[in-house]
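**Student:** Sharing a structure below in C-alpha cells format, with a few things to ask.
2 protein chains.
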Amino acid sequence: MMGGMPRKPVAREAVLDAFEALLIEVGERAATLDAVARRAGVSKGGLLYHFPTKEAMIAVLLERLDRHLAADVAAMAAAPEGAAAYFIKSSVWADTPMDRVFVAATRLAEVAHGETLRRFAAAQTSWLELLAADVGPAMAKAVLYMGDGLYFNAMLGRGPGGPLPEVEAEVESLLAAVERLRR
Amino acid sequence: MMGGMPRKPVAREAVLDAFEALLIEVGERAATLDAVARRAGVSKGGLLYHFPTKEAMIAVLLERLDRHLAADVAAMAAAPEGAAAYFIKSSVWADTPMDRVFVAATRLAEVAHGETLRRFAAAQTSWLELLAADVGPAMAKAVLYMGDGLYFNAMLGRGPGGPLPEVEAEVESLLAAVERLRR
DNA sequence: TTAACTGTACCGTCCAGACGGTATAGTTAC
DNA sequence: GTAACTATACCGTCTGGACGGTACAGTTAA
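These protein sequences, in sequence, are chains A and B. Okay, so the first sequence: first residue is 40 according to my numbering, each after it adds one. Okay, so the second sequence: first residue is 40 according to my numbering, each after it adds one.
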C-alpha cells in the first residue's frame, strides 16, 4: 500500500563514466553507443532510457565538465602557492575526476564539437586572468601554454596508462621555470 | 621494355592534400574516403587506385610528415637565433606545409593511431635534445611545453583560419619568457 | 504501482573497400 | 606509319558491416 520510492538510476552515472573512459582510452571514434553500454554493463536500451540521443549524453558530460572547471578556477584563485604554481601542478595528468572529464571533452573538441570548443575558450580566459594577476600579463601566456603543453602530451599516448615516473622531477623544473618568469 | 610511359598521377598529390586539409578542418571523423575524393576532385575509384586502403593513405601522409620533421629539426639545430627561439617561433600556426602535416597528423594521434604516436614521441625527443643544448636540461621541458601549448591551442578551433592578429605580440612575450629562462 | 531497467528486433544512413569498366599514352611488330 | 598491344590512371556502382536511433514487450526492485 505504501508507494515505494523508485530505485536509484545506477546506470546513469555508470554510463557517463564509461563514456568518459572510452573517450580517454580509445577516442571519440570508438566511443559508440554499443561500446559505452557494454563497458557500463548496461543494455543499449537502458542507456537510451537515460540519454535519448548521443548528443544528450555529451551535453550531460559537458555539465560535469562545467562543475569541475568552476571548482578548479575557484581553487586556483584561492591557492596559497599562487595561481601559476597551482596551474602547473594541476596540469599534470593525475587521473583525477577533473583530469578525466577534461581529457574526455578534449576528444570531442578534436572532432570540432562546437559546444565543447566554447567551454574551453571560456576556461582559457578564466585561467589567463588568474595567471596574469599572479605573474603579470606578459608572462601569463607563457605559463598558460606550459600547462596546455603538459595536457597535450598527457593526451597523446599517455591515455591508456603510459609512463609517469619522472613526472615529479618534471613538475619541479616547470615550477622553477615559473619562478624565474615571476621574477 | 613493354608498355608505354604512364601519364602523370596528378590525382595522387591532390588526394593527399585533400586528406590533409580535411583532417585539419573537420577532423578525423569527417575525413572519409568519399569526402577526400570529392574534395580532391577525384572519383572514389581513382582514390583507391593510388591508396588501396585508408591505412595506406595515412602511411604516405606520415612519410610526408617525416620529411618535414627531419627538415625542421635540421633547421632548428642550425638556427642562428638559437634552438629555443626557433622552436617557439615555429610553433605558432603559420599555415606552412610543415604546420599542415603536423596538425593533420595530430588529428590521427588523437584517435590513438599507434604509428602516428610513435613519430611524435621521436620528434619530441629530438626537439628536447636541441632545447637542452640551448637553454639547459632543466628549462628545456618548459620551453618544449610552451611550444606544444601553442600548437594545442592552434588545433582547437584556430585551425580553419582563426584569429592571428595579436600573434605577433604573443610570440614576443613567449620569446621574452624564453630569454628569462635561459638565464 | 511505478520507475528503472533488460533484451531483441528492426530501420535508414554512412563508411571502407571491392570490382568491372574505360581512357590514354607509349611501345612494338609489321 | 599504323594497327595491335600493354601498363597505368582513372570512373561509377555495389556490398557488407557498423552505427545511431526506434520500438516495444517483459523483468526487477523500491
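Yeah, the Cβ is synthetic: ideal placement off N, Cα and C, and Gly gets one too. Since we're looking at a predicted model, the values are computed, not measured.
How big is the Cα-Cα spacing for H107 (chain A) and E168 (chain B)?
**Tutor:** Position 68 of the first sequence holds residue 107 (chain A). Position 129 of the second sequence holds residue 168 (chain B). One C-alpha to the other measures close to 36 Å.
**Student:** How long is the line joining the alpha carbons of E59 (chain B) and F141 (chain B), rounded to whole angstroms?
**Tutor:** Start at 1 with the first residue of the second sequence, and residue 59 (chain B) comes out as number 20. Start at 1 with the first residue of the second sequence, and residue 141 (chain B) comes out as number 102. Using only the alpha carbons, I get a separation of about 9 Å.
**Student:** Taking just the CA atoms, how far does V54 (chain B) sit from A79 (chain B)?
**Tutor:** Indexing the second sequence from 1 puts residue 79 (chain B) at position 40. Indexing the second sequence from 1 puts residue 54 (chain B) at position 15. The straight-line gap from Cα to Cα measures roughly 5 Å.
**Student:** Please state whether DSSP places F90 (chain A) in a helix, a strand or coil.
**Tutor:** Taking the first residue of the first sequence as 1, we reach residue 90 (chain A) at position 51. F90 (chain A): coil per DSSP, three-state reduction.
**Student:** Counting only Cβ pairs nearer than 8 Å, list the residues of chain B close to D138 (chain A).
**Tutor:** Looking up residue 138 (chain A) in the first sequence gives position 99. Within chain B, no residue comes near D138 (chain A); the closest Cβ sits about 15 Å away, beyond 8 Å.
**Student:** Could you give the DSSP three-state label for K278 (chain B): helix, strand or coil?
**Tutor:** What is shown of chain B runs 40 to 222, which leaves residue 278 (chain B) out entirely.
**Student:** Which same chain residues end up closer than 8 Å to P136 (chain B) when comparing Cβ atoms and leaving out the 5 residues on each side of it in sequence?
**Tutor:** If you number the second sequence from 1, residue 136 (chain B) lands on position 97. Once the five neighbours on either side are set aside, the close Cβ partners of P136 (chain B) are H107.
**Student:** So, with DSSP's three-state summary, where would you put T71 (chain A)?
**Tutor:** Your numbering for residue 71 (chain A) matches position 32 in the first sequence. Three-state result, T71 (chain A): coil.
**Student:** Return the residue from the list B:Q163, B:E67 and B:Y190 that minimises the CA-CA distance to D134 (chain B).
**Tutor:** Taking the first residue of the second sequence as position 1, residue 134 (chain B) is located at position 95. Residue B:Y190 is the option with its Cα nearest to D134 (chain B).
**Student:** Run through chain B and tell me which residues come within less than 7 Å of E209 (chain A), C-beta to C-beta.
**Tutor:** Working through the first sequence from its first residue, we reach residue 209 (chain A) at position 170. Near E209 (chain A) (Cβ distances below 7 Å), the residues of chain B are K180.
**Student:** Please classify S130 (chain A): is it buried, with 16 or more other beta-carbons within 10 angstroms of its beta-carbon, or exposed?
**Tutor:** For the purposes of this step, residue 130 (chain A) is taken as residue 91 along the first sequence, with counting starting at 1. It is buried - the Cβ of S130 (chain A) has at least 16 other Cβ atoms within 10 Å.
**Student:** Applying the criterion that 16 or more other CB atoms from any shown protein chain within 10 Å of the CB defines a buried residue, is E205 (chain A) buried or exposed?
**Tutor:** Start at 1 with the first residue of the first sequence, and residue 205 (chain A) comes out as number 166. The residue is exposed, with fewer than 16 neighbouring Cβ atoms inside 10 Å.
**Student:** Suppose the cutoff is 7 Å on Cβ atoms and the five residues either side in sequence are ignored; what does the same chain contact list for R231 (chain B) look like?
**Tutor:** What is shown of chain B runs 40 to 222, which leaves residue 231 (chain B) out entirely.
**Student:** Compile a chain-ordered list of the residues in the region 158-169 of chain A whose CB is closer than 8 Å to at least one CB of chain B.
**Tutor:** Cβ contacts with chain B: F159, A160 and Q163.
**Student:** Whole angstroms are fine: how far does the CA of L104 (chain B) sit from the CA of E218 (chain A)?
**Tutor:** The residue labelled residue 218 (chain A) in the question sits at position 179 within the first sequence. The residue labelled residue 104 (chain B) in the question sits at position 65 within the second sequence. Each residue's alpha carbon lies about 36 Å from the other.
**Student:** To the nearest angstrom, report how far apart M185 (chain A) and L214 (chain A) are at their CA atoms.
**Tutor:** The residue you call residue 185 (chain A) lines up with position 146 of the first sequence. The residue you call residue 214 (chain A) lines up with position 175 of the first sequence. Cα-Cα distance, rounded: 10 Å.
**Student:** Note down, in chain order, every chain A residue with its Cβ under 7 Å from the Cβ of M185 (chain B).
**Tutor:** Residue mapping note: residue 185 (chain B) aligns to position 146 of the second sequence, counting from 1. The contacting residues are A181, Y184, M185 and G188.
**Student:** Grab the span of the alpha helix (DSSP H) containing V182 (chain A) for me, first residue to last.
**Tutor:** The count along the first sequence starts at 1 and reaches residue 182 (chain A) at position 143. Residues P176 to M194.
**Student:** Under three-state DSSP, which class holds W166 (chain B)?
**Tutor:** Looking up residue 166 (chain B) in the second sequence gives position 127. Helix.
**Student:** Could you give the residue range of the alpha helix (DSSP H) that holds D138 (chain A)?
**Tutor:** Within the first sequence, residue 138 (chain A) is the residue found at index 99, counting from 1. Residues P136 to E149.
**Student:** Can you have a look at K83 (chain A) and say buried or exposed, based on whether 16 or more other CB atoms are within 10 angstroms of its CB?
**Tutor:** Counting from 1 along the first sequence, the entry for residue 83 (chain A) is found at position 44. Answer is exposed; the Cβ neighbour count stays below 16.
**Student:** Is the beta carbon of L101 (chain B) less than 8 Å from the beta carbon of R158 (chain B)?
**Tutor:** As a position in the second sequence, residue 101 (chain B) is number 62, starting the count at 1. As a position in the second sequence, residue 158 (chain B) is number 119, starting the count at 1. A contact, by the Cβ cut-off of 8 Å.
**Student:** Among A:F126, A:V210, A:L61 and A:A95, which has the Cα closest to the Cα of A179 (chain A)?
**Tutor:** Locating residue 179 (chain A) in the first sequence gives position 140, counting from the first residue. Of the listed residues, the one whose Cα sits closest to A179 (chain A) is A:F126.
**Student:** Please classify Y124 (chain B): is it buried, with 16 or more other beta-carbons within 10 angstroms of its beta-carbon, or exposed?
**Tutor:** Stepping through the second sequence from its first residue, residue 124 (chain B) is reached at position 85. First, the residue type needs correcting, since residue 124 (chain B) is Ala and not Tyr in the sequence shown. With 16 or more other Cβ atoms within 10 Å, it is buried.
**Student:** Using a threshold of 8 Å, state whether the C-beta atoms of R146 (chain A) and E149 (chain B) are closer than that.
**Tutor:** In the first sequence, counting from the first residue as 1, residue 146 (chain A) sits at position 107. In the second sequence, counting from the first residue as 1, residue 149 (chain B) sits at position 110. Yes, the pair counts as a contact, with Cβ atoms nearer than the cut-off.
**Student:** Using a Cβ-Cβ cutoff of less than 6 Å, which residues in the same chain neighbour V112 (chain A) once the five nearest sequence positions on both sides are dropped?
**Tutor:** Working through the first sequence from its first residue, we reach residue 112 (chain A) at position 73. Answer for V112 (chain A): S165, listed in chain order.
**Student:** Does F126 (chain B) come within less than 8 Å of chain A when only Cβ atoms are used?
**Tutor:** By 1-based counting over the second sequence, the position of residue 126 (chain B) is 87. Not an interface residue.
**Student:** D138 (chain B) and G188 (chain A): beta carbons closer than 8 Å?
**Tutor:** Counting from 1 along the second sequence, the entry for residue 138 (chain B) is found at position 99. Counting from 1 along the first sequence, the entry for residue 188 (chain A) is found at position 149. Not a contact, by the Cβ cut-off of 8 Å.
**Student:** In the DSSP assignment, the alpha helix (DSSP H) including S130 (chain A) goes from what residue to what residue?
**Tutor:** Stepping through the first sequence from its first residue, residue 130 (chain A) is reached at position 91. Here the alpha helix (DSSP H) through S130 (chain A) covers A122 to S130.
**Student:** For G121 (chain B), go through chain A and note every residue whose CB falls closer than 8 Å to its CB, in chain order.
**Tutor:** Indexing the second sequence from 1 puts residue 121 (chain B) at position 82. Those do not exist, as G121 (chain B) stays about 17 Å from chain A at its closest Cβ, beyond 8 Å.
**Student:** For the alpha helix (DSSP H) that contains A208 (chain B), what are its first and last residues?
**Tutor:** Residue 208 (chain B) sits at position 169 when you count from the first residue of the second sequence. Its alpha helix (DSSP H) spans residues V206 to R221.
**Student:** Does any CB atom of chain A fall closer than 8 Å to the CB of R78 (chain B)?
**Tutor:** Taking the first residue of the second sequence as position 1, residue 78 (chain B) is located at position 39. Cβ-Cβ to chain A under 8 Å: no for R78 (chain B).
**Student:** Measuring only the C-alpha atoms, how far is E94 (chain A) from T155 (chain B)?
**Tutor:** Residue numbering aside, residue 94 (chain A) sits at position 55 when the first sequence is read from its first letter. Residue numbering aside, residue 155 (chain B) sits at position 116 when the second sequence is read from its first letter. So the two alpha carbons sit approximately 29 Å from each other.
**Student:** What is the rounded straight-line gap between the Cα of A98 (chain B) and the Cα of G153 (chain B)?
**Tutor:** Taking the second sequence and counting its residues from 1, one reaches residue 98 (chain B) at position 59. Taking the second sequence and counting its residues from 1, one reaches residue 153 (chain B) at position 114. Straight-line Cα distance between these residues: approximately 11 Å.
**Student:** Could you tell me the distance, in whole angstroms, from the CA atom of D173 (chain B) to the CA atom of A160 (chain A)?
**Tutor:** For the purposes of this step, residue 173 (chain B) is taken as the residue at position 134 of the second sequence. For the purposes of this step, residue 160 (chain A) is taken as the residue at position 121 of the first sequence. D173 (chain B) and A160 (chain A): Cα-Cα distance of roughly 33 Å.
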